[in-house]
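Novice:
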Amino acid sequence: MELPEYMTGILAVLLFTCFVKIATTLSIFRFAIGLKGLTFGLVMLALSLALTLLVMSPQVEQSGGLNTLLALKGPRDVKSIEETFLPFMAKHTDQRILGRIQKLSSRLSKEKASGGDVNKELKSANKNLGVIVSAFLISELSDAFKIGFILLVPFVVIDLLVVNVLMALGIQQMSPLVVSLPLKILLFLAVDGWTLISERLIGAYI
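Residue numbers (the working numbering): 1000 to 1205.
(1) Under 9 angstroms between the Cβ atoms of G1207 and S1179?
(2) Along the alpha helix (DSSP H) that carries N1163, what are the first and last residues, could you check?
(3) Let me make sure I understand the geometry here. Which of L1195, Q1061, E1060, V1019 has the alpha-carbon closest to that of L1044?
(4) Ordered along the chain, which non-local residues of its own chain (more than five positions away) have a Cβ less than 7 angstroms from that of P1153?
(5) Among A1031, C1017, F1030, which residue has its Cα nearest to the Cα of A1049?
(6) How many Å lie between V1155 and A1031 at the Cα?
(7) Sorted by chain position, which residues of the same chain lie with C-beta nearer than 8 angstroms to T1092's C-beta, five sequence neighbours on each side aside?
(8) What three-state label does DSSP hand Q1171 in the structure shown?
(9) Hey, quick one: how far does the alpha helix (DSSP H) through G1040 stretch, first residue to last?
(10) Should F1148 be labelled buried (16 or more other beta-carbon atoms within 10 Å of its own) or exposed?
(11) Look up I1100 in the DSSP assignment and say whether it is helix, strand or coil.
(12) In this structure, does DSSP put A1022 in helix, strand or coil?
(13) So, using beta-carbon positions, are L1025 and I1184 closer together than 9 angstroms?
(14) Report the rounded CA-to-CA distance for G1129 versus L1182, giving the unit in angstroms.
(15) Whole angstroms are fine: how far does the CA of Q1061 sit from the CA of T1083?
(16) Does DSSP put A1124 in a helix, a strand or coil?
(17) Indicate the three-state DSSP secondary structure (helix, strand or coil) for S972 in the structure shown.
(18) L1195 lies in the alpha helix (DSSP H); which residues open and close that run?
(19) So is L1041 buried or exposed if we call it buried at 16+ other beta carbons inside 10 Å?
Next up, the structure:
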């Protein structure tokens, strides 16, 4: 199998699925907890792909399986994938964001085309895959940042407490991360963090 064929399928996975939201949320979590090494980054990527496959399993099966999805060979295959994933994207797109993207698309079309009915342009924008994908990705990123903010707050509080305690004790040569990281991990395990994050990410698509 040639690389470009797989690249087309990978692009479809990135654009048409929940991968962007899940990967962004886990990246924020990785930053918040303080584990910035390459190994943990690969672990977050693997978890993002696993959760994406779990959420998108009905669409993946409908498209003929993961191998078929990754091996898109022609316009007909791409069109079939678009029809499979379009309902999912439309369902999980913020209508307010979609409306604003539609208006931008219609204004761009109006500038490029000489004349034409605005209502027809709006209807055309509704059917434009680019409009749906753009609105879907922005909606997913917005949700990811909201979840990420909730994840950040308790870890930032721990960082502030550790820094203040170390300063009060006059300990300046020790990195705050050495103390805060075990506390963050302890808190995360105490609240069953992996399950909570997974349920929060997957639950939005149920």
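Where a beta carbon is used, it is the ideal one built from N, C-alpha and C, also for glycine.
Specialist: Per the coordinate set shown:
(1) Here the chain covers residues 1000 to 1205 and nothing more, so residue 1207 does not appear.
(2) Judged by DSSP secondary structure, N1163 falls within the alpha helix (DSSP H) whose first and last residues are 1128–1168.
(3) For the residues L1195, Q1061, E1060, V1019, the minimum Cα distance to L1044 belongs to V1019.
(4) Here the set comprises L1186.
(5) That would be C1017, whose Cα lies nearest to the Cα of A1049.
(6) Taking the straight line from one Cα to the other gives about 7 angstroms.
(7) Within its own chain, the residues whose Cβ lies closer than 8 angstroms to the Cβ of T1092, once the five positions on either side in sequence are excluded, are I1131, A1134, F1135, S1138, listed in chain order.
(8) The answer is coil: DSSP assigns Q1171 none of H, G, I, E or B.
(9) DSSP places G1040 inside the alpha helix (DSSP H), whose first and last residues are 1037–1054.
(10) That one is exposed.
(11) I1100: helix per DSSP, three-state reduction.
(12) Looking at A1022 - three-state DSSP - the assignment turns out to be helix.
(13) Result no, Cβ atoms of L1025 and I1184 do not sit closer than 9 angstroms.
(14) Cα to Cα, G1129 sits roughly 45 angstroms from L1182.
(15) Rounded to the nearest angstrom, the gap between the Cα atoms of T1083 and Q1061 is 7 angstroms.
(16) With a pLDDT of only 42 at A1124, under 50, the local geometry of the prediction cannot be trusted, and the value read off the model is given with reservation. Three-state DSSP puts A1124 in a helix.
(17) The structure shown does not extend to residue 972, since the chain is modelled only from 1000 to 1205, so the question has no answer here.
(18) In the DSSP assignment, L1195 falls within the unbroken alpha helix (DSSP H) covering 1192–1202.
(19) Per the 10 Å Cβ criterion, exposed.
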